[in-house]
Amino acid sequence: MLAVIRIILMTLIIIVVSICSCLFCLLRPFHRDNVHHTAKYMGKVAKVLGLDVEVRIPEVSKDIGPVVYICNHQNSYDIFTVSNAVQPGTVSVGKKSLKWIPFFGQMYWLTGNILIDRKNKNKAMNTIALTAKKIREKKLSVWLFPEGTRSYGRGLLPFKTGAFRTAAQAEVPIVPICASSTHKTIDLNRWNNGKMIIEFLAPVALSSADKDKIRQITNQTHAEMQAKIAQLNQEVGHKLPSEDDNKSSKKQASEIK
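Here it is as C-alpha coordinates:
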(Lines of atoms letter the chains of each structure in order from A and count residues from 1; the text may use other names and numbers.)
(Lines give C-alpha, C1' and ligand atoms only; values in the text may rest on other atoms or scores of the structure.)
Protein backbone atom coordinates (compact mmCIF):
# COMPACT_ATOMS: atom_id res chain seq x y z
CA MET A 1 0.00 0.00 0.00
CA LEU A 2 2.83 2.39 0.88
CA ALA A 3 4.43 1.73 -2.51
CA VAL A 4 1.20 2.63 -4.33
CA ILE A 5 0.90 5.87 -2.36
CA ARG A 6 4.51 6.77 -3.12
CA ILE A 7 4.16 6.08 -6.84
CA ILE A 8 1.05 8.27 -6.99
CA LEU A 9 2.80 11.04 -5.03
CA MET A 10 5.92 10.90 -7.22
CA THR A 11 3.83 11.06 -10.39
CA LEU A 12 1.86 14.04 -9.10
CA ILE A 13 5.02 15.85 -7.97
CA ILE A 14 6.69 15.36 -11.36
CA ILE A 15 3.61 16.73 -13.14
CA VAL A 16 3.16 19.70 -10.77
CA VAL A 17 6.87 20.62 -10.71
CA SER A 18 7.09 20.28 -14.51
CA ILE A 19 4.04 22.49 -15.12
CA CYS A 20 5.16 25.12 -12.60
CA SER A 21 8.67 25.09 -14.04
CA CYS A 22 7.32 25.52 -17.59
CA LEU A 23 5.21 28.49 -16.51
CA PHE A 24 8.18 30.01 -14.71
CA CYS A 25 10.43 29.41 -17.72
CA LEU A 26 7.99 31.25 -19.99
CA LEU A 27 8.99 34.38 -18.08
CA ARG A 28 12.70 33.68 -18.66
CA PRO A 29 13.12 30.77 -21.10
CA PHE A 30 16.50 29.01 -21.14
CA HIS A 31 17.83 31.09 -18.22
CA ARG A 32 21.10 29.74 -16.79
CA ASP A 33 19.55 28.99 -13.36
CA ASN A 34 16.29 27.37 -14.49
CA VAL A 35 17.67 23.84 -14.16
CA HIS A 36 19.06 24.53 -10.69
CA HIS A 37 15.74 25.81 -9.34
CA THR A 38 13.73 22.98 -10.87
CA ALA A 39 16.23 20.39 -9.63
CA LYS A 40 15.82 21.67 -6.06
CA TYR A 41 12.14 20.73 -6.10
CA MET A 42 12.69 17.44 -7.91
CA GLY A 43 15.26 16.60 -5.24
CA LYS A 44 12.66 16.90 -2.50
CA VAL A 45 11.06 13.70 -3.80
CA ALA A 46 13.91 11.82 -2.11
CA LYS A 47 12.09 12.46 1.18
CA VAL A 48 8.97 10.85 -0.29
CA LEU A 49 11.14 7.81 -1.05
CA GLY A 50 12.21 7.69 2.59
CA LEU A 51 15.77 8.55 1.64
CA ASP A 52 17.99 11.09 3.36
CA VAL A 53 20.39 12.72 0.89
CA GLU A 54 23.54 14.46 2.11
CA VAL A 55 25.53 16.60 -0.35
CA ARG A 56 29.17 17.32 0.44
CA ILE A 57 31.03 20.04 -1.47
CA PRO A 58 34.62 20.83 -0.45
CA GLU A 59 35.69 24.47 -0.57
CA VAL A 60 37.96 23.76 -3.55
CA SER A 61 34.90 22.81 -5.63
CA LYS A 62 32.61 25.65 -4.56
CA ASP A 63 31.85 28.68 -6.75
CA ILE A 64 34.59 27.93 -9.26
CA GLY A 65 32.79 29.14 -12.37
CA PRO A 66 32.02 27.11 -15.50
CA VAL A 67 32.96 23.44 -15.18
CA VAL A 68 31.93 20.06 -16.53
CA TYR A 69 30.37 17.98 -13.75
CA ILE A 70 30.48 14.21 -14.14
CA CYS A 71 28.47 11.85 -11.95
CA ASN A 72 27.82 8.12 -11.73
CA HIS A 73 24.46 7.17 -13.29
CA GLN A 74 22.69 4.44 -11.31
CA ASN A 75 18.97 4.15 -12.02
CA SER A 76 15.74 6.05 -12.60
CA TYR A 77 15.80 7.36 -9.02
CA ASP A 78 18.72 9.64 -9.99
CA ILE A 79 16.26 12.32 -11.05
CA PHE A 80 15.15 12.56 -7.40
CA THR A 81 18.50 12.01 -5.70
CA VAL A 82 21.39 13.58 -7.60
CA SER A 83 19.12 16.54 -8.43
CA ASN A 84 19.95 17.74 -4.91
CA ALA A 85 23.54 18.34 -6.04
CA VAL A 86 22.82 20.43 -9.18
CA GLN A 87 24.56 23.80 -8.81
CA PRO A 88 23.48 27.26 -10.10
CA GLY A 89 24.34 27.95 -13.73
CA THR A 90 24.30 24.25 -14.61
CA VAL A 91 22.50 22.47 -17.46
CA SER A 92 22.57 18.82 -18.47
CA VAL A 93 22.91 17.03 -21.80
CA GLY A 94 20.14 14.55 -22.59
CA LYS A 95 18.59 12.53 -25.39
CA LYS A 96 16.50 14.49 -27.89
CA SER A 97 13.65 12.01 -27.37
CA LEU A 98 13.20 13.25 -23.79
CA LYS A 99 11.29 16.29 -24.99
CA TRP A 100 8.36 14.07 -26.05
CA ILE A 101 7.70 12.87 -22.49
CA PRO A 102 4.50 14.62 -21.35
CA PHE A 103 5.10 17.49 -18.90
CA PHE A 104 8.67 16.41 -18.01
CA GLY A 105 10.00 16.67 -21.55
CA GLN A 106 8.68 20.18 -22.10
CA MET A 107 10.13 21.23 -18.75
CA TYR A 108 13.49 19.65 -19.61
CA TRP A 109 13.67 21.62 -22.85
CA LEU A 110 12.43 24.98 -21.52
CA THR A 111 14.80 24.97 -18.56
CA GLY A 112 17.67 25.14 -21.04
CA ASN A 113 19.13 21.65 -21.05
CA ILE A 114 21.01 20.57 -24.18
CA LEU A 115 19.28 17.92 -26.31
CA ILE A 116 21.29 15.64 -28.58
CA ASP A 117 20.51 13.00 -31.17
CA ARG A 118 22.47 9.94 -30.03
CA LYS A 119 21.47 7.95 -33.09
CA ASN A 120 23.27 10.39 -35.36
CA LYS A 121 27.01 10.00 -34.69
CA ASN A 122 27.92 13.09 -36.72
CA LYS A 123 25.55 15.25 -34.70
CA ALA A 124 26.81 13.65 -31.50
CA MET A 125 30.38 14.65 -32.38
CA ASN A 126 29.21 18.16 -33.20
CA THR A 127 27.53 18.28 -29.79
CA ILE A 128 30.94 18.28 -28.09
CA ALA A 129 31.95 21.41 -29.99
CA LEU A 130 28.51 23.00 -29.50
CA THR A 131 28.48 22.27 -25.76
CA ALA A 132 32.02 23.60 -25.36
CA LYS A 133 30.97 26.77 -27.19
CA LYS A 134 27.97 27.28 -24.88
CA ILE A 135 30.17 26.77 -21.84
CA ARG A 136 32.57 29.47 -23.03
CA GLU A 137 30.04 31.99 -24.35
CA LYS A 138 27.29 31.66 -21.73
CA LYS A 139 29.56 30.80 -18.80
CA LEU A 140 27.54 27.66 -18.15
CA SER A 141 28.45 24.49 -16.31
CA VAL A 142 27.35 21.19 -17.82
CA TRP A 143 26.31 18.01 -16.01
CA LEU A 144 27.14 14.73 -17.77
CA PHE A 145 26.99 11.02 -16.99
CA PRO A 146 30.21 9.67 -18.56
CA GLU A 147 29.09 6.04 -18.31
CA GLY A 148 26.51 6.80 -21.00
CA THR A 149 23.87 4.54 -19.41
CA ARG A 150 22.47 3.50 -16.04
CA SER A 151 24.56 0.95 -14.16
CA TYR A 152 21.72 -0.84 -12.31
CA GLY A 153 23.99 -2.26 -9.62
CA ARG A 154 26.91 -3.19 -11.87
CA GLY A 155 29.23 -0.73 -10.18
CA LEU A 156 30.88 2.21 -11.95
CA LEU A 157 30.82 1.36 -15.66
CA PRO A 158 33.68 2.36 -18.03
CA PHE A 159 33.69 6.03 -19.00
CA LYS A 160 33.26 7.43 -22.48
CA THR A 161 35.60 10.35 -23.21
CA GLY A 162 32.98 12.86 -24.44
CA ALA A 163 32.74 14.77 -21.15
CA PHE A 164 36.51 15.09 -20.94
CA ARG A 165 36.84 16.20 -24.57
CA THR A 166 34.12 18.79 -23.94
CA ALA A 167 35.99 20.14 -20.91
CA ALA A 168 39.27 20.23 -22.84
CA GLN A 169 37.72 22.13 -25.76
CA ALA A 170 36.03 24.59 -23.41
CA GLU A 171 39.22 24.75 -21.30
CA VAL A 172 37.33 24.28 -18.04
CA PRO A 173 37.92 21.77 -15.24
CA ILE A 174 36.13 18.47 -14.71
CA VAL A 175 34.50 18.14 -11.28
CA PRO A 176 33.76 14.49 -10.40
CA ILE A 177 30.65 13.84 -8.30
CA CYS A 178 30.31 10.53 -6.48
CA ALA A 179 26.98 9.19 -5.25
CA SER A 180 26.73 6.21 -2.91
CA SER A 181 24.81 3.28 -4.31
CA THR A 182 21.01 3.15 -4.24
CA HIS A 183 20.87 -0.28 -5.89
CA LYS A 184 18.44 -2.46 -3.95
CA THR A 185 18.45 0.02 -1.05
CA ILE A 186 15.13 1.69 -1.93
CA ASP A 187 12.07 -0.36 -1.08
CA LEU A 188 8.89 1.59 -1.80
CA ASN A 189 7.07 -0.46 0.84
CA ARG A 190 9.65 0.43 3.52
CA TRP A 191 9.20 3.71 5.37
CA ASN A 192 12.89 4.44 6.01
CA ASN A 193 15.30 3.70 3.14
CA GLY A 194 18.40 5.00 4.84
CA LYS A 195 20.93 7.54 3.63
CA MET A 196 22.65 8.49 0.40
CA ILE A 197 25.81 10.60 0.26
CA ILE A 198 26.78 12.68 -2.76
CA GLU A 199 30.31 14.05 -2.60
CA PHE A 200 32.13 16.42 -4.97
CA LEU A 201 35.80 15.73 -5.60
CA ALA A 202 38.54 18.25 -6.35
CA PRO A 203 38.50 19.75 -9.87
CA VAL A 204 40.61 18.13 -12.58
CA ALA A 205 42.22 20.81 -14.76
CA LEU A 206 41.92 20.30 -18.52
CA SER A 207 42.87 22.31 -21.57
CA SER A 208 43.15 21.87 -25.33
CA ALA A 209 46.79 20.88 -24.78
CA ASP A 210 45.59 17.71 -23.02
CA LYS A 211 43.76 16.29 -26.03
CA ASP A 212 46.35 13.52 -26.47
CA LYS A 213 46.02 12.49 -22.81
CA ILE A 214 42.21 12.39 -22.63
CA ARG A 215 41.93 8.60 -22.29
CA GLN A 216 44.60 8.53 -19.59
CA ILE A 217 42.89 11.32 -17.62
CA THR A 218 39.52 9.62 -18.12
CA ASN A 219 40.78 6.31 -16.72
CA GLN A 220 42.50 8.00 -13.79
CA THR A 221 39.35 9.94 -12.89
CA HIS A 222 37.30 6.73 -13.16
CA ALA A 223 39.65 5.01 -10.68
CA GLU A 224 39.41 7.92 -8.22
CA MET A 225 35.62 7.99 -8.42
CA GLN A 226 35.41 4.23 -8.02
CA ALA A 227 37.48 4.40 -4.84
CA LYS A 228 35.41 7.25 -3.42
CA ILE A 229 32.10 5.51 -4.22
CA ALA A 230 33.34 2.38 -2.44
CA GLN A 231 34.22 4.54 0.58
CA LEU A 232 30.80 6.20 0.58
CA ASN A 233 29.09 2.81 0.27
CA GLN A 234 30.92 1.62 3.36
CA GLU A 235 29.95 4.77 5.22
CA VAL A 236 26.24 4.31 4.54
CA GLY A 237 26.48 0.58 5.15
CA HIS A 238 25.79 -0.54 1.60
CA LYS A 239 27.52 -3.68 0.33
CA LEU A 240 29.72 -3.18 -2.70
CA PRO A 241 28.59 -4.79 -5.98
CA SER A 242 31.73 -6.91 -5.95
CA GLU A 243 30.69 -8.44 -2.62
CA ASP A 244 27.29 -9.36 -3.99
CA ASP A 245 28.89 -10.76 -7.12
CA ASN A 246 31.31 -12.85 -5.05
CA LYS A 247 28.51 -14.31 -2.97
CA SER A 248 26.47 -15.05 -6.05
CA SER A 249 29.45 -16.74 -7.69
CA LYS A 250 30.10 -18.85 -4.61
CA LYS A 251 26.44 -19.87 -4.44
CA GLN A 252 26.42 -20.86 -8.09
CA ALA A 253 29.67 -22.82 -7.61
CA SER A 254 28.24 -24.73 -4.65
CA GLU A 255 25.09 -25.54 -6.61
CA ILE A 256 27.18 -26.89 -9.48
CA LYS A 257 29.13 -29.10 -7.07
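In the UniProt record's numbering, the protein residues as written are 1 to 257.
We treat Cβ as the ideally placed atom computed from N, Cα and C, and that holds for glycine.
Scan the stretch 16 to 86 and note each continuous alpha helix (DSSP H) run of 4 residues or more that stays entirely inside, going in chain order. 34 to 43, 45 to 48 and 78 to 81
Just confirm the distance between the C-beta atoms of Val60 and Ala202, as a whole number of angstroms; I'd bet it's less than 8 Å. Residue numbering aside, residue 60 sits at position 60 when the sequence shown is read from its first letter. Residue numbering aside, residue 202 sits at position 202 when the sequence shown is read from its first letter. Yes, Val60 and Ala202 are in contact; Cβ-Cβ is about 5 Å, under 8 Å.
Which residues in the same chain as Lys139 place their Cβ atom closer than 8 Å to its Cβ, once the five residues preceding and following it in sequence are excluded? On the sequence shown, position 139 is the one that residue 139 refers to. A distance below 8 Å between beta-carbons, with the five flanking residues on each side excluded, links Lys139 to the following residues of its chain, in chain order: Arg32, Gly65, Pro66 and Gly89.
Report the rounded CA-to-CA distance for Ile57 versus Tyr69, giving the unit in angstroms. Counting from one through the sequence shown, the residue named residue 57 turns up at place 57. Counting from one through the sequence shown, the residue named residue 69 turns up at place 69. Using only the alpha carbons, I get a separation of about 12 Å.
Bridge-paired residues (DSSP) for Leu115: For the purposes of this step, residue 115 is taken as residue 115 along the sequence shown, with counting starting at 1. According to DSSP, which records beta bridges pairwise, Leu115 is partnered with Gly94.
With a threshold of 8 Å between beta-carbons, can Ser61 be considered close to chain B, or not? Protein chains in the displayed structure number just one, and chain B is not present.
Touch test, the stretch 165 to 185 against the stretch 98 to 108, Cβ-Cβ under 8 Å, three pairs minimum: no
Count the other C-beta atoms from every protein chain shown that fall within 10 angstroms of the C-beta of Thr111, then say buried if there are 16 or more, exposed otherwise. On the sequence shown, position 111 is the one that residue 111 refers to. Under this definition Thr111 is a buried residue.
Quick check on Phe103: does DSSP put it in helix, strand or coil? Along the sequence shown, read from residue 1 onward, the residue named residue 103 stands at position 103. Coil.
What residue from His37, Pro176 and Gly155 has the CA that sits closest to Asn84's CA? For the purposes of this step, residue 84 is identified with residue 84 of the sequence shown, where counting begins at 1. Of the listed residues, the one whose Cα sits closest to Asn84 is His37.
Beta-carbon separation of Ser141 and His73 under 8 Å? For the purposes of this step, residue 141 is taken as the residue at position 141 of the sequence shown. For the purposes of this step, residue 73 is taken as the residue at position 73 of the sequence shown. No, the Cβ-Cβ distance between Ser141 and His73 is not below 8 Å.
When you compare only the Cα positions, how much space is there between Val48 and Gly237? Along the sequence shown, read from residue 1 onward, the residue named residue 48 stands at position 48. Along the sequence shown, read from residue 1 onward, the residue named residue 237 stands at position 237. Their backbone Cα atoms lie some 21 Å apart in a straight line.
What number of angstroms, rounded off, separates the C-alpha of Asn113 from the C-alpha of Asp212? Here the question's residue 113 lines up with position 113 in the sequence shown. Here the question's residue 212 lines up with position 212 in the sequence shown. C-alpha separation (whole angstroms): 29 Å.
Does the separation of the CB atoms of residue 260 and Cys25 fall below 8 Å? No answer is possible for residue 260: the residues shown for the chain start at 1 and end at 257.
In the structure shown, what three-state DSSP assignment does Ala209 receive? Counting from 1 along the sequence shown, the entry for residue 209 is found at position 209. Reduced to three states, the DSSP call for Ala209 is helix.
Residues in the same chain with beta-carbon distance under 8 Å from Gly94, minus the five sequence neighbours each way, listed in chain order, please. Translated into the one-based positions of the sequence shown, residue 94 becomes position 94. Within the same chain, Tyr108, Asn113, Ile114, Leu115 and Ile116 come within 8 Å of Gly94 by CB-CB distance, once the 5 residues on both sides are set aside.
Determine, using beta carbons only, whether Val53 and Thr81 come nearer to each other than 8 Å. Within the sequence shown, the letter at position 53 stands for residue 53. Within the sequence shown, the letter at position 81 stands for residue 81. The answer is yes: Cβ separation under 8 Å.
When you compare only the Cα positions, how much space is there between Met42 and Ile13? The count along the sequence shown starts at 1 and reaches residue 42 at position 42. The count along the sequence shown starts at 1 and reaches residue 13 at position 13. Straight-line Cα distance between these residues: approximately 8 Å.
In this structure, does DSSP put Val172 in helix, strand or coil? Sequence index remark: in the sequence shown, residue 172 carries index 172 (1-based). Three-state result, Val172: coil.
Taking the beta strand (DSSP E) that Glu199 falls in, what are its first and last residues? Locating residue 199 in the sequence shown gives position 199, counting from the first residue. Element bounds for Glu199: Lys195 to Phe200.
Tell me whether Trp191 sits in a helix, a strand or coil according to DSSP, three-state version. What you label residue 191 is simply residue 191 of the sequence shown in a count that begins at 1. Coil at Trp191, not helix or strand.
Are Phe164 and Ile174 closer than 8 Å when you measure CB to CB? Residue 164 sits at position 164 when you count from the first residue of the sequence shown. Residue 174 sits at position 174 when you count from the first residue of the sequence shown. Contact flag set, yes.
Element boundaries [beta strand (DSSP E), containing Met142]: Here residue 142 refers to the residue found at position 142 of the sequence shown. The residue you asked about is not Met; residue 142 is Val in the sequence shown. Taken as a continuous stretch (DSSP letters only), the beta strand (DSSP E) holding Val142 covers Ser141 to Leu144.
Do you know whose CA, among Leu232, Gln220 and Asp63, lies nearest Thr161's CA? Taking the sequence shown and counting its residues from 1, the one referred to as residue 161 is at position 161. Among Leu232, Gln220 and Asp63, the Cα nearest to that of Thr161 is on Gln220.
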